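The structure under discussion appears below in the form of structure tokens.
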Amino acid sequence: MSREPNYEFQEWWNKQREKNHDFFTNDSNNANKGFLTVEIRSLNPDLTTEKDRSRSARQLSWICLLRFQQLANSLAWITNSFLLLLRTANRRISAADSPCDSSASRLYRIIKFFLVLVVLLLCVELVAYFKGWHFSPPSAASAEAAVELFYALWLEIRADYLAPPLQSLANVCIVLFLIQSMDRVLLMLGCLWIKIRRIKPTASMEYPMGRVETGNVDDYPMVLVQIPMCNEKEVYQQSIAAVCIMDWPKERMLVQVLDDSDELDAQNLIQAEVQKWHQKGVHILYRHRLIRSGYKAGNLKSAMSCDYIKNYEFVAIFDADFQPAPDFLKKTIPHFRGNDDLALVQARWAFVNKDENLLTRLQNINLSFHFEVEQQVNGVFINFFGFNGTAGVWRINALEDCGGWLERTTVEDMDIAVRAHLCGWKFVYLNDVKCYCELPESYEAYKKQQYRWHSGPMQLFRLCFLDILHSKVNKAKKANLIFLFFLLRKLILPFYSFTLFCIILPLTIFLPEAELPAWVVCYVPGIMSVLNILPAPRSFPFIVPYLLFENTMSVTKFNAMISGLFRLGNSYEWIVTKKLGRSSEADLVAFENESDSSVTETTSFLRSSSDSGLEELSKLEVTSRRSVKTKRNRLYRMELTLAFILLSAAGRSLLSAQGELTVGHYRCHLESELQVTLTQHLLTNNSNFGVTGSGLKQFSIGHSLYGCQNANCEATCHWLKYKVCTKQKGIFEED
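Here it is, written out as structure tokens:
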């Protein structure tokens with residue numbers, strides 16, 4: 001019995017031979033004749049030298065077990081990651097969406113119900129898509145299964161009962177959207193006209209720049225500077241220092257630090273800062289109210305009730321995070337000379353942290369448009385705009401003439417501006433005079449600020465509507481206040497931005513019978529966004545995040561508008577916007593060092609007597625800084641729910657992109673089939689159908705039943721009438 005060939009040895013030997021070809025060779029000219037070349041050939045030349053190794057059952061089982069283990073590990077990792085994501089999201093979700101908890105929770109419940117409804121509709125559309133009903137919708141008469149009958153009834157309900165009111169609401173929002181867009185365009189044209197003609201307010205006189213000599217101070221009026229603050233330990237030093245180093249005669253200026261802080265540490269720190277500047281020769285006072293009623297309006301009202309206020313002619317107001325330039329008063333006060341009917345001179349805001357993060361960049365877009373366009377155009381053409389609450393100088397007689405500060409709203413600055421305008425006073429806006437301040441860097445602080453800014457105007461509109469109608473100003477000013485200032489820019493803007501883009505747009509995707517034109521969804525919002533970014537041209541790369549950001553903030557603005565208009569929840573609550581103190585500290589330190597050189601030796605004793613107290617306060621400040629915890633990003637449930645609604649609508653739009661027959665399309669499809677059937681009947685039968693015959697009557701019944709009023713259906717009617725008439729006259733010719 002012959003031995004079987006060893007294929008494995010042959011395979012190994014051939015591989016070694018290929019590797020050492022230069023060593024093993026059978027060339028006759030090889031220099032080394034002593035080596036023997038061996039070549040082993042297979043007994044069966046038909047078999048391939050490359051033979052696959054067969055695997056045993058045990059090896060296959062181990063391979064399967066490894067594959068299952070890898071799959072199980074992958075599933076476990078995905079599950080753990082998903083659970084970790086849910087736990088993190090649940091831990092970071094903010095329960096309080098706004099200062100107005102009750103109204104926010106009410107709106108959140110509505111949006112959550114809307115999300116559940118959208119998800120159910122998406123499930124129904126998915127079932128219909130996999131059943132093929134998107135391409136051939138079923139009818140209630142031919143439905144066999146209960147699901148098919150339900151979908152057929154749903155198609156009829158959404159076409160006959162849901163789509164018409166939705167389309168009407170969409171048309172109303174489109175009209176409001178176009179009106180507001182035209183207002184933006186007119187404002188931009190007005191700003192362009194101001195830039196081209198170089199129009200700006202001019203003062204009748206100018207103060208010389210530089211330090212004021214003590215002997216020549218008669219031309220400088222008495223100015224009161226007020227700094228209202230509340231628990232703002234991060235920014236109090238910068239604001240007080242910036243005001244105290246302003247270039248104005250010390251004996252002609254008084255600084256009031258109006259502290260409403262309820263934290264003892266903050267009170268001690270602010271009082272120590274006031275004492276430090278008082279020792280340097282600055283006329284500065286510290287006022288603290290035990291009862292914090294009326295918030296900022298109550299604080300300013302209490303400060304204006306002092307007896308020494310009658311000695312002052314003007315009052316400048318700066319919030320705690322504002323740092324005016326040293327020449328601020330020299331650039332604003334001269335505009336009052338020769339203008340006895342001028343009540344307010346407003347300066348522009350500038351931001352020291354506008355490039356800190358994406359949120360501050362997007363805020364800078366909105367506020368740049370507000371100051372560069374809205375305030376400037378209104379100030380030049382109608383001499384009226386809303387007071388910004390800070391960085392402005394008021395004539396004290398104008399404040400007293402319009403009733404002073406009132407505590408009836410959370411926008412006391414807008415309230416006093418409207419009342420002063422109704423009393424006939426004029427305003428001036430200086431776009432080239434900037435006052436640096438800080439933008440809120442957290443979304444939570446920004447939401448609270450926007451809530452107050454959008455609920456307060458509705459409170460004020462409800463309270464002063466009759467006063468506007470009964471005022472002595474002309475009808476043009478009344479119309480501007482009611483329709484432009486309040487209704488269009490404070491009420492209509494948040495209403496249509498939330499209703500149109502957050503409610504109607506997703507619903508039109510689930511109800512395709514109601515349509516939104518592409519220019520409403522894409523083109524006009526894009527053009528308006530470009531116009532908004534023009535005052536801040538460096539922000540053009542952020543145009544897409546700006547669109548999404550405005551869509552997200554429309555929820556908060558709409559909620560605030562409704563709460564202020566109908567007095568829902570705690571809409572009158574004032575929450576101070578937290579700041580981080582990111583101001584121009586280097587400039588303030590330089591000015592402070594410069595002022596230190598001019599301090600007399602007589603104040604050294606007073607300064608040394610308070611060293612121990614300042615050391616204790618500095619220890620408290622260091623302790624408060626150490627106790628600050630690192631903040632993490634938070635999720636906001638209302639915005640998150642809205643995002644899921646838009647994602648569900650996007651998933652539904654993918655089904656529409658694959659092809660879908662709406663009820664309108666399906667009706668036209670049935671009409672075309674009826675057209676073909678009736679034509680064949682006319683061609684095959686010799687019965688005389690007149691224009692009022694049963695065939696045309698049958699089609700008329702079907703036409704009225706489906707209710708299609710489009711051009712194709714009307715053309716079908718005329719086509720059938722032509723065919724019937726030509727058939728009756730015997731002049732029918734085949735197409």
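Numbering (the UniProt record's numbering), first residue to last: 1 to 735.
We put the CB at the ideal spot given by N, CA and C, even for glycine.
Note that the structure is predicted; figures quoted are calculated from it, not measured.
Three-state secondary structure (DSSP) of residue i
i           : result
Phe-314     : strand
Leu-568     : coil
residue 787 : The chain is shown from 1 up to 735; residue 787 falls before or after that span and cannot be answered.
Asp-432     : strand
Lys-15      : helix
Pro-228     : strand
Trp-77      : helix
Arg-408     : coil
Tyr-286     : strand
Ala-141     : coil
Arg-292     : coil
Met-188     : helix
Leu-117     : helix
Met-304     : coil
Val-243     : helix
Trp-154     : helix
Where residue i falls, given that 16 or more other Cβ within 10 Å makes a residue buried
i       : result
Cys-64  : exposed
Gln-69  : exposed
Phe-544 : Checking the sequence, you will find Val at residue 544 rather than Phe. With fewer than 16 other Cβ atoms within 10 Å, it is exposed.
Leu-120 : exposed
Glu-156 : exposed
Met-205 : exposed
Glu-18  : exposed
Leu-300 : buried
Met-182 : exposed
Thr-600 : In this predicted model, Thr-600 has a pLDDT of only 39, less than 50, meaning its place in the structure is not dependable enough to derive any value.
Straight-line gap, residue i to residue j (C-alpha atoms, nearest Å)
i           : j       : result
residue 736 : Ile-533 : Any property of residue 736 remains undetermined from this structure, which presents the chain solely from 1 to 735.
Lys-200     : Pro-208 : 20 Å
Asn-29      : Lys-15  : Reliability of the predicted coordinates at Asn-29 is poor, the pLDDT of 48 falling under 50, and no value is obtained from them.
Leu-484     : His-288 : 39 Å
Met-188     : Ile-194 : 10 Å
Asn-388     : Asp-413 : 6 Å
Met-253     : Leu-224 : 6 Å
Gln-375     : Trp-349 : 11 Å
Ala-420     : Cys-522 : 41 Å
Ala-170     : Leu-500 : 7 Å
Lys-112     : Asn-90  : 16 Å
Thr-202     : Leu-647 : 53 Å
Val-418     : Leu-505 : 36 Å
Ala-320     : Gly-404 : 21 Å
Val-217     : Pro-249 : 7 Å
Leu-493     : Leu-466 : 23 Å
Leu-642     : Leu-115 : 8 Å
Tyr-636     : Leu-71  : 35 Å
Tyr-129     : Pro-517 : 25 Å
Beta-carbon contacts of residue i that lie in its chain and below 7 Å, excluding the five residues immediately before and after
i           : result
Glu-639     : Thr-552, Val-555
Thr-577     : Pro-440, Ala-445, Lys-448, Gln-449
His-278     : Ile-284
residue 752 : Residue coverage of the chain in this structure runs from 1 to 735, which leaves residue 752 outside it and unanswerable.
Ser-239     : Ile-227, Phe-318, Ala-320, Asp-321, Phe-322, Gln-323
Close beta carbons around residue i, own chain, < 6 Å, minus the five adjacent residues each side
i       : result
Ser-610 : In this prediction, Ser-610 scores a pLDDT of 38, lower than 50, which makes its location untrustworthy; the coordinate-derived value is nonetheless stated afterwards. Excluding sequence neighbours, Ser-610 sits near nothing in its chain.
Leu-481 : Ile-468
Phe-461 : Phe-486
Beta carbon of residue i nearer than 8 Å to that of residue j
i       : j       : result
Phe-314 : Val-433 : no
Gly-379 : Phe-328 : no
Cys-437 : Phe-542 : no
Cys-306 : Val-282 : no
Asp-265 : Arg-292 : no
Gly-564 : Gln-459 : yes
Ser-139 : Ala-152 : yes
Leu-511 : Ala-141 : no
Gln-275 : Gln-256 : no
Phe-644 : Phe-558 : no
His-454 : Met-561 : yes
Ala-347 : Ala-391 : yes
Cys-373 : Cys-230 : Sequence check: residue 373 is Val here, not Cys. No.
Ile-396 : Ile-509 : no
C-beta neighbour in chain B for residue i, strict 8 Å
i       : result
Trp-248 : Considering every chain present, this structure includes no chain B. It has just one protein chain.
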